[in-house]
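Here the structure comes first, spelled out in structure tokens, and everything after it is commentary.
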Amino acid sequence: MENSEFAKIFFEIAELLELKGENVFKMRAYQKAARNVENLPKSLEEIYKSGGIKALKEVPGIGESIAEHIEEIIKTGTFKKYKELLKEFPKDFVKLIEVPGIGPKTAIMLLKELKIDSMKKLEAAVKAGKLRELPGMGAKKEENIQKGIELKKKAHGRFLLPEAITYADIVVKALKKLKEVDQIVPAGSLRRWQETIGDIDILITSKKPEKIMRAFTTLPQVARVLSKGPTRSSVVMKNGMQADVRVMDPKSFGAALHYFTGNKQHNIQIREMAIKKGLKVSEYGIFRGSKQIGGKEEIDVFKSVGLPYIPPELRQGTDEIDCAKKGKLPELIELKDIRGDLQMHSKWSDGNNTIEEMAEYAKKLGYEYIAMTDHSKAVRVARGMNEKEVIKQIKEIDKINGKIKGIKVIKGIEVDILADGSLDLPDSILKELDVVVAAVHSRFKMPKAEMTKRIISAFNNKYVNLLSHPTGRVIGKRDPYEVDMEEIIKAAKDTGTYMEINAYPERLDLNDVHARMAKESGVLLSIDTDSHVDNQMDNIKYGVGTARRGWIEKKDVINTNPLEKLLKLLYAKR
DNA sequence: GCCGTTTTCGGCCCGACTGTTTTCAGTCG
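Listed below in structure tokens is the structure:
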């Protein structure tokens, strides 16, 4: 079973325990375990296979009893306590707490008093005005729940990073005009470069919060105000995205930025460390007793608990604090380290621009090289190239390289890995190219073992350099195909094949967790945009963001090398 | 349920906002 599936079960248990009114710390323990499992760069099954319960307990957040649950899941597919918990509530009842405004207490009251156990019954009861009659409820709360239901229906879940960034920019630009605004900076999951964003969080420092709040809640993009206070306000924007603004005094900026960046688990861990040192860390600062001893700068928070600065992308509440303590934080790759882009398409297949146009754009980005990797013939919809066209394109690229100055176009192909694991073009063609990117574009629904074998057999071809978008996912649209990622990574290592972080925002594939797995196995990566239009090369920042979340360093990425070194790496397998 | 350079038991982050309350519970981040 995949780690994400274990995580899902533990998250669900946390919800059920919360509804049951169990000890909140027990609930939180399951949440913590779930989150750590989700971000674990090694599969639980592997860990269990190699060291049993004892090895499982080494994972932060997993103790005796959760380790036993994991063992039971591995052996039987589920576990007893989980099945029992599920039986305690009606099947669709858990969904009620997903409605903004309904928490566990309200949900249980609704079940007990009004026999509401589904969204349908909830809607009917709201319409009939029955909620307002319950103790502690009133007309206003009923109305808020109704709005919450509408919001839940409309909100299509999470947003891709670029859309969230666009909206954050709108708010930032609009509020920056106010003279009362001192500093203004987006925080939250956006600052951590998470692949999808639930809401945007913006931190402002100012001595006059009221005016800022008025301006924020009356922006033309605001559809509804959820709450409005002197220091914090929440709104729903017209695209359905929630936005929170927090206004703080400048002397609290650093502590507030840390708090507002999260994630939650990370913050809790930092605050626990502070307590042990006799300090209190909150968004207002670092305090000894009632005296503020720091918090103007973000680094103060880390210093106060004896840690080096931890970059936002690493703040996932997993093992970053442990590693920071031991001085084992990575030196994360930066955007400026990228020297070229190794996957893109031109008019020769399904791209919008000519090779020259792509090269010119890359030059503007300061790149030393790009690789043209148009599709191969199997991808009919993308007008993939056959043998003759590849040879023709090679000659064309030679011509362009003779003409254009300051950048080198590397000859490449994105060759299809066919269903039987063979490649779409013969070796006699592949050997004429400098970089061969292999990818799966068909038969996504293959059984896991077969798909894994299919991909690995492509690695055994000595011309194949790079596996592109290794899981094929399209966020929110297409699930990843089933592959055994650990085996793929192992095979990549054994054959000297590289793996891609595809920077296309809907892909981000490898994702952060897989990227870290690859790194820890010693597999080198390439961060590419897979551009089909010249300006899509700007997407490289999302790939770098994902890489940073995956603890990737400059030395782990082949396209941080100068051209000559890169070519050596590309020819190393032949 | 987890965890331990104060602890193997007794802790477990901290604060804002709302709506319903007469001083706070519930929800959220």
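Using this note's numbering, the first residue of the first sequence is number 5, and each one after it goes up by one. Using N, Cα and C, we set each Cβ at its ideal position, and we do this for glycine too. Every value quoted in this text rests on a predicted model; they were computed, and no experiment measured them.
Counted as a single uninterrupted DSSP element, the stretch harbouring Asp428 is not any beta strand (DSSP E), since DSSP gives it neither H nor E. Contact between Ile556 and Ala519 is confirmed by a C-beta separation of about 6 angstroms, below the 8 angstroms threshold. Taking a contact to require three or more Cβ pairs closer than 8 angstroms, the region 370-381 and the region 417-424 qualify as touching. Assignment of beta-bridge partners to Leu336 by DSSP yields Glu557. Close CB contacts of Gly266 within its chain, under the 6 angstroms cut and outside five residues either way in sequence, are absent. Taking C-beta separations shorter than 6 angstroms and ignoring five residues to either side along the sequence, the partners of Met489 in its chain run His518, following chain order.
Taking C-beta separations shorter than 6 angstroms and ignoring five residues to either side along the sequence, Glu393 has no partners in its chain.
Cβ neighbours of Ala129 within its own chain (closer than 7 angstroms, five residues either side excluded): Leu118, Ile120, Leu135.
Cβ-Cβ separation between Leu164 and Val240: approximately 18 angstroms, too far for a contact (criterion under 8 angstroms).
In the same chain as Lys351, and ignoring 5 residues on each side of it, the C-beta atoms closer than 6 angstroms to its own belong to Thr358, in chain order. Assignment of Arg384 by DSSP, reduced to helix, strand and coil, places it in the helix class. Taking C-beta atoms as the reference points, Val439 and Asn469 count as a pair closer than 7 angstroms.
Rounded to the nearest whole angstrom, the C-alpha separation of His270 and Tyr502 is 32 angstroms.
Taking the CA atoms as reference points, Val527 sits about 40 angstroms from Ile279. For Gly299, the closest alpha carbon among the candidates Gly289, Glu400, Lys435 is that of Gly289.
In this structure, the alpha-carbon of Ile77 lies about 42 angstroms from that of Tyr171. Its Cα nearest to that of Val487, the residue Thr456 stands out among Glu364, Leu512, His473, Thr456. The alpha helix (DSSP H) runs lying completely inside the region 414-477 and spanning 4 residues or more are 431-434, 452-463, given in chain order. At a cut-off of 3 residues, the continuous stretches assigned as beta strand (DSSP E) that sit fully inside the region 176-208 are 187-190.
When C-alpha distances from Ala191 are compared across Ala143, Lys151, Arg250, Pro139, the shortest belongs to Arg250.
Here Asn515 is buried, its C-beta having at least 16 other C-beta atoms within 10 Å. Sixteen is the threshold: when 16 or more other Cβ atoms of the shown chains lie within 10 Å of the Cβ of Pro45, as they do, the residue is buried. A direct Cα-to-Cα measurement between Gly547 and Val175 gives close to 25 angstroms. Judged by DSSP secondary structure, Val240 falls within the beta strand (DSSP E) whose first and last residues are 236-241. Within the DSSP secondary-structure output, Val251 pairs in a beta bridge with Ile208. When the Cα atoms are used, Tyr365 and His473 turn out to be separated by approximately 23 angstroms.
By the Cβ test, the region 400-407 is not in contact with the region 426-439, since fewer than three Cβ pairs between them sit closer than 8 angstroms. Distance from the CA of Lys569 to the CA of Lys151, rounded to the nearest whole angstrom, comes to 58 angstroms. The beta-carbon separation of Asn356 and Val537, rounded to 5 angstroms, stays under the 8 angstroms limit for a contact. Taking C-beta separations shorter than 7 angstroms and ignoring five residues to either side along the sequence, the partners of Asp323 in its chain run Pro64, following chain order. Here the C-alpha atom of Leu48 lies approximately 16 angstroms from the C-alpha atom of Phe15.
Taking 7 angstroms as the cut-off, the beta carbon of Gly258 is found closer than this to the beta carbon of Glu302.
At the C-beta level, Ser461 and Gly425 come within 7 angstroms of one another. Within the same chain, Val189, Ala191, Leu207, Glu302 come within 8 angstroms of Leu261 by CB-CB distance, once the 5 residues on both sides are set aside.
Under the three-state reduction of DSSP, Ser69 is assigned to helix. The alpha-carbon of Asn40 is positioned some 8 angstroms away from that of Gly321.
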